[in-house]
Amino acid sequence: MEDIRRIRNFSIIAHIDHGKSTLADRLLERTGTIAQRDSTAQFMDSMELEREKGVTIKAKAVRMTYRAQDGIDYELNLIDTPGHVDFAYEVSRALVACEGALLIVDAAQGVQAQTLANLYAAIENDLTIIPILNKIDLPNAEPERVAEELERIVGFGLEEMIYASAKEGTGTEAILEAVVQRVPPPKGDPNAPLRALIFDSKYDSYKGVIIYVRVIDGAIEPGRPLRLMINERRVDPIEVGVFRPDFQPVDRLSCGEVGYVATGLKSIRDANVGDTLTDDARPATGPLPGYRPAKPMVFAGLYPAAATDYNLLRDALEKLRLSDAALTFDPESSVALGFGFRCGFLGLFHMEIVQERLEREYDLTLIFTAPSVEYQVTRTDGKEIVLDNPAELPPPNEIAEIREPWVDVSIVLPDRYVGAAMELTSARRGSFKRMEYLEASGETAKGEARVLLEYHVPLSEILTDYYDQLKSRTQGYASLDYTLAGYEPARLVKLDILVNGQPVDALTLIVHPEEAQTKGRELVEKLRKLIPRQLFDVPIQSAIGGKIIARETIRAMRKNVLAKCYGGDVTRKRKLLEKQAEGKKRMRRVGNVEIPQEAFMAVLSLNR
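Residue numbers (our numbering): 297 to 904.
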């Protein structure tokens, strides 16, 4: 039996691009988990999209064996987590499986918005936190200033902090020793009935559903039937193993360890993240607390470009949801696009990642509609409805009240950009909450202070281009984090877009009345440029209720039917023109306008 006192479970948390994955590489090399010749940059980021975009998307687990200075071999289970705000749910799942966390802070950039968000999540889970100042090799690094910042904001002692350069390998030994000395061993009863928390899962064509587990009590052995406590589903494990970092079968997963179980289940709905695995013959009395379900904040319609791909898209979404518990989808149909799904995402970046994974991994051609948020509507008859599709909003005379989601936004940026950020956020109906200087003296060694701004903003206002605008106006220095604050009443109207007289439900928006005219005008102008010309005039209109507020016309392509006429009786020319005009009238009646993908995403780039 593995000595539980020699096990350490920890994760790495940080703001995006502060060096989590690079530090994980150094830890893997120092412990001999991977040979240096096999090492690649960001070894843990195995997904093609992760390497391409330079971000961690999925939390990864790996087991390392480290011989400490006291001569004892320790088993270290590392879970590398994402840093982007859209994948905060991945971080929260990983933290529940750990006792400690390495908090990485860039010695040049200092504390950022997502640093604080991940730190608070770790504190909430009662983890031991080891602060690490990374990138001390950079010319503009200010480790002493950032150390004082951490001491003042979070309360860490200067003696707790480790100075490191993941790129050069500086401080790796000190970090491993700190994990061994400071992170407590797991708690649990090896003799109690088995309870193992499922913190992630994936689908394998040969082994079925593979669940990633943290054993809390008891042990898992191959061949012993197991049971999923919430689903009440019996499981006959095909294989039990650990991550080194590839799958490595073992004879047993003991109390406190992290590993995987190949269940052989073919239905991906049978193994849910947050469920508890127990022994079928000797079950535990009750399941573990599990996770709060992830709440999608952004919704968009997803349709196959070819209607025949509908079933392929459904299968692809089901497989993707197994490893991405935050993704939700329900069937829906659109007059313009046919049958598809209404999907829920944690944010726009999450939506972009899902789209690219579906197109690359499952070879699908897709159409995404403009994203929207979830609204709560009280009808005049007292009935409450929740809708995430703007096209489903009832007529104005049936609505008593509409409530929209608001978020609390935290922005960390140099003080010279405060005015630009405040102007941008106020223009998005944001209400100011507070401002705090992160440096004790109000300025850094280089004469520039960094400021924490907090605002209360409607989610729909920061949904599309807000982050891009913020980065642009602050020359890339600002960092952003947001949390859902609740729903508040709002004056909102439905903006319909009509193409050739037909409303296109996939282009419908819910907007503030003061912005309706501007947005309606901009959208029809953009659509006029994006929709290809037809052989007949195509009017594009934006309307609120029955009132048209903006119109553009895509002029018809004109075929020169008189090209072969050279002189002769004018009546011959008139007959040809009349025949052409009659044909155009007929086409206008039966004409079907094809709308390209770019048109549905035009709403993302509406000017402010």
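From the three backbone atoms N, C-alpha and C, an ideal C-beta is built for every residue, glycine too.
Original post:
Would you call Thr770 buried or exposed, if buried means 16 or more other Cβ atoms sit within 10 Å of its Cβ?
Top reply: For the purposes of this step, residue 770 is taken as residue 474 along the sequence shown, with counting starting at 1. Buried.
Original post:
Are at least three pairs of beta-carbons, each pair with one atom in the region 439–451 and one in the region 398–405, less than 8 Å apart?
Top reply: Counting C-beta pairs closer than 8 Å gives three or more between the region 439–451 and the region 398–405, which meets the contact rule.
Original post:
Using CA coordinates, which residue listed in Tyr658, Glu894 and Asp485 is at the minimum distance from Ala961?
Top reply: The shown model of the chain, from 297 to 904, leaves out residue 961, and the question about it has no answer.
**OP:** Give a yes or no on whether 8 Å exceeds the smallest Cβ distance from Arg769 to chain C.
**Re:** In the displayed structure, chain C is absent; only one protein chain is listed.
Original post:
Between Arg885 and Val820, what straight-line distance do the alpha-carbon atoms span, to the nearest angstrom?
Top reply: Counting from 1 along the sequence shown, the entry for residue 885 is found at position 589. Counting from 1 along the sequence shown, the entry for residue 820 is found at position 524. At Arg885, the pLDDT of 46 sits below 50, so the modelled position is not reliable; the number obtained from the coordinates is stated separately. Taking the straight line joining both Cα atoms gives about 22 Å.
Original post:
Which one of Glu848, Ala393, Asp532 and Phe832 has the shortest CA to CA distance from Gly817?
Top reply: Here residue 817 corresponds to residue number 521 of the sequence shown, with the count starting at 1. Looking at the sequence shown, residue 817 is not Gly but Arg. Arg817 has its Cα closest to that of Glu848, out of Glu848, Ala393, Asp532 and Phe832.
**OP:** Would you kindly work out how many angstroms separate the C-alpha atoms of Ser317 and Asp376, rounded to a whole number?
**Re:** On the sequence shown, position 21 is the one that residue 317 refers to. On the sequence shown, position 80 is the one that residue 376 refers to. Separation of Ser317 and Asp376 (C-alpha to C-alpha, rounded to the nearest whole angstrom) is 7 Å.
**OP:** Rank Leu683, Thr760 and Ala666 by C-alpha distance to the C-alpha of Val673 and give the top, closest one.
**Re:** Working through the sequence shown from its first residue, we reach residue 673 at position 377. When each option's Cα is compared against that of Val673, the closest is Leu683.
Original post:
With which residues is Asp319 paired in a DSSP beta bridge?
Top reply: Counting from 1 along the sequence shown, the entry for residue 319 is found at position 23. Just to set this straight, residue 319 is Leu in the shown sequence, not Asp. For Leu319, DSSP assigns no beta-bridge partner whatsoever.
**OP:** Could you please give the first and the last residue of the uninterrupted beta strand (DSSP E) stretch that includes Leu709?
**Re:** The count along the sequence shown starts at 1 and reaches residue 709 at position 413. Note, Leu709: beta strand (DSSP E), Ile695 to Pro710.
Subject >> Where Val800 sits in the DSSP three-state scheme >> reply: Reading the sequence shown from its first residue, position 504 is the one you call residue 800. Coil, per DSSP.
Subject >> Beta-carbon proximity of Arg523 to Val531, cut-off 8 Å >> reply: The residue labelled residue 523 in the question sits at position 227 within the sequence shown. The residue labelled residue 531 in the question sits at position 235 within the sequence shown. Yes; because the gap between Cβ atoms is below 8 Å, this pair is in contact.
**OP:** Sort out for me which residues DSSP pairs Pro373 with in a bridge.
**Re:** Residue mapping note: residue 373 aligns to position 77 of the sequence shown, counting from 1. In the sequence as presented, Pro is not what sits at residue 373; that position holds Asn. As a beta-bridge residue in DSSP terms, Asn373 pairs with Asn305 and Arg359.
Original post:
According to the neighbour-count rule (16 or more other Cβ atoms, all chains shown, within 10 Å of its Cβ), is Leu780 buried or exposed?
Top reply: Taking the first residue of the sequence shown as 1, we reach residue 780 at position 484. Looking at its Cβ environment, which holds fewer than 16 other Cβ atoms inside 10 Å, Leu780 is exposed.
**OP:** Within the same chain, show all residues whose beta-carbon is closer than 6 Å to that of Thr468, passing over the 5 residues directly before and after it, in chain order.
**Re:** By 1-based counting over the sequence shown, the position of residue 468 is 172. Cβ neighbours of Thr468 beyond the five flanking positions: Arg322 and Arg326.
**OP:** For the region 404–446, list the beta strand (DSSP E) runs that are entirely contained and at least 3 residues long, ordered along the chain.
**Re:** Whole beta strand (DSSP E) segments, 3+ residues: 424–430.
Subject >> Run of the beta strand (DSSP E) containing Arg769, from where it starts to where it stops >> reply: Translated into the one-based positions of the sequence shown, residue 769 becomes position 473. No beta strand (DSSP E) contains Arg769, which is instead part of the alpha helix (DSSP H) from Tyr762 to Arg769.
Subject >> When Arg491, Gly726, Gly782 and Met718 are compared against Tyr671, the one with the closest alpha-carbon >> reply: Translated into the one-based positions of the sequence shown, residue 671 becomes position 375. Residue nearest to Tyr671 within the set Arg491, Gly726, Gly782 and Met718 is Gly782 (criterion: CA-CA distance).
**OP:** Using a threshold of 8 Å, state whether the C-beta atoms of Pro489 and Glu395 are closer than that.
**Re:** As a working mapping, residue 489 is identified with position 193 in the sequence shown. As a working mapping, residue 395 is identified with position 99 in the sequence shown. Taking 8 Å as the Cβ cut-off, Pro489 and Glu395 do not qualify as a contacting pair.
Subject >> Alpha-carbon to alpha-carbon, Ile309 and Ala774 >> reply: Position 478 of the sequence shown, counted from the start, is the residue given in the question as residue 774. Position 13 of the sequence shown, counted from the start, is the residue given in the question as residue 309. So the two alpha carbons sit approximately 19 Å from each other.
Original post:
Can you name the residues that DSSP bridges to Leu493?
Top reply: As a first step, residue 493 is located in the sequence shown; it is residue number 197 there, counting from the start. Arg510 and Thr572.
**OP:** Out of Ile793, Pro710 and Thr424, point me to the one whose CA is closest to Leu391's CA.
**Re:** Taking the first residue of the sequence shown as 1, we reach residue 391 at position 95. Looking at the Cα atoms, Thr424 is the closest of the given residues.
**OP:** Check whether the Cβ atoms of Thr559 and Arg491 sit closer than 8 Å, and answer yes or no.
**Re:** As a working note, residue 559 is residue 263 in the sequence shown. As a working note, residue 491 is residue 195 in the sequence shown. No, Cβ-Cβ distance for Thr559 and Arg491 is not below 8 Å.
Original post:
In chain order, what residues of the same chain have a beta carbon less than 7 Å from the beta carbon of Pro809, not counting five sequence neighbours either side?
Top reply: Position 513 of the sequence shown, counting from 1, holds the residue named residue 809. If we look at Pro809 and ignore the five residues flanking it on each side, its Cβ neighbours are Arg787 and Val789.
Original post:
Below 8 Å between beta carbons: does that hold for Glu415 and Arg304?
Top reply: Within the sequence shown, the letter at position 119 stands for residue 415. Within the sequence shown, the letter at position 8 stands for residue 304. Note on residue identity: the sequence assigns Leu, not Glu, to residue 415. In this structure, Arg304 does not lie closer than 8 Å to Leu415 by Cβ.
Subject >> Glu894, DSSP secondary structure in three states >> reply: For the purposes of this step, residue 894 is taken as residue 598 along the sequence shown, with counting starting at 1. Three-state result, Glu894: helix.
Original post:
Given Met297, which residues of its chain have a CB within under 7 Å of its CB, disregarding the five upstream and five downstream residues?
Top reply: Taking the sequence shown and counting its residues from 1, one reaches residue 297 at position 1. Residue confidence is low: Met297 scores 38 on pLDDT, short of 50, so the model does not pin down where it sits. No coordinate-derived value is stated.
**OP:** Ignore the nearest five residues each way along the sequence and tell me which others in Pro561's own chain have a CB closer than 8 Å to its CB.
**Re:** To locate residue 561, count along the sequence shown from 1; it is residue 265. According to the sequence as given, residue 561 is Leu; it is not Pro. Counting only Cβ-Cβ distances below 8 Å, and skipping sequence neighbours, we find Gly504, Val505, Arg529, Val531 and Ala567.
Subject >> Contact set for Arg824: own chain, Cβ-Cβ below 8 Å, skip 5 residues either direction >> reply: As a first step, residue 824 must be located in the sequence shown, where it is residue number 528. So the qualifying residues of the chain are Ile836, Glu848, Thr849 and Ile850.
**OP:** Quickly, what does DSSP pair Arg675 with across the bridge? List them, please.
**Re:** Here residue 675 refers to the residue found at position 379 of the sequence shown. The secondary-structure analysis by DSSP pairs Arg675 across a beta bridge with Ile695.
**OP:** Under 6 Å Cβ to Cβ from Pro541, same chain only, skipping five residues before and after it: list those, please.
**Re:** By 1-based counting over the sequence shown, the position of residue 541 is 245. Cβ within range, chain order: Val358.
Original post:
Is Asp500 helix, strand or coil by DSSP?
Top reply: As a position in the sequence shown, residue 500 is number 204, starting the count at 1. Here Asp500 carries a strand assignment [DSSP, helix/strand/coil].
**OP:** Take the Cβ of Glu438 as the centre, count every other Cβ of all protein chains shown within 10 Å, and call the residue buried at 16 or more, exposed below.
**Re:** Within the sequence shown, residue 438 is the residue found at index 142, counting from 1. With 16 or more other Cβ atoms within 10 Å, it is buried.
Original post:
Between Gln338 and the rest of its own chain, which residues show a CB-CB distance below 6 Å, the 5 nearest in sequence each way excluded?
Top reply: What you label residue 338 is simply residue 42 of the sequence shown in a count that begins at 1. For Gln338, the predicted model reports a pLDDT of 46, less than 50, meaning its position is unreliable; a value from the coordinates is still stated below. Exclusion of the five residues before and after Gln338 leaves Ser317 as the residues of its chain whose Cβ lies within less than 6 Å of its Cβ.
Subject >> Whole-angstrom C-beta distance between Leu662 and Leu608, which should lie under 8 Å >> reply: For this step, residue 608 is matched to residue 312 along the sequence shown. For this step, residue 662 is matched to residue 366 along the sequence shown. Rounded to the nearest angstrom, the Cβ distance from Leu608 to Leu662 is 11 Å, too far for a contact under 8 Å.
Original post:
So does the region 678–692 actually touch the region 646–658, counting three or more Cβ pairs closer than 8 Å?
Top reply: The region 678–692 makes no contact with the region 646–658: fewer than 3 CB pairs, one atom from each, lie closer than 8 Å.
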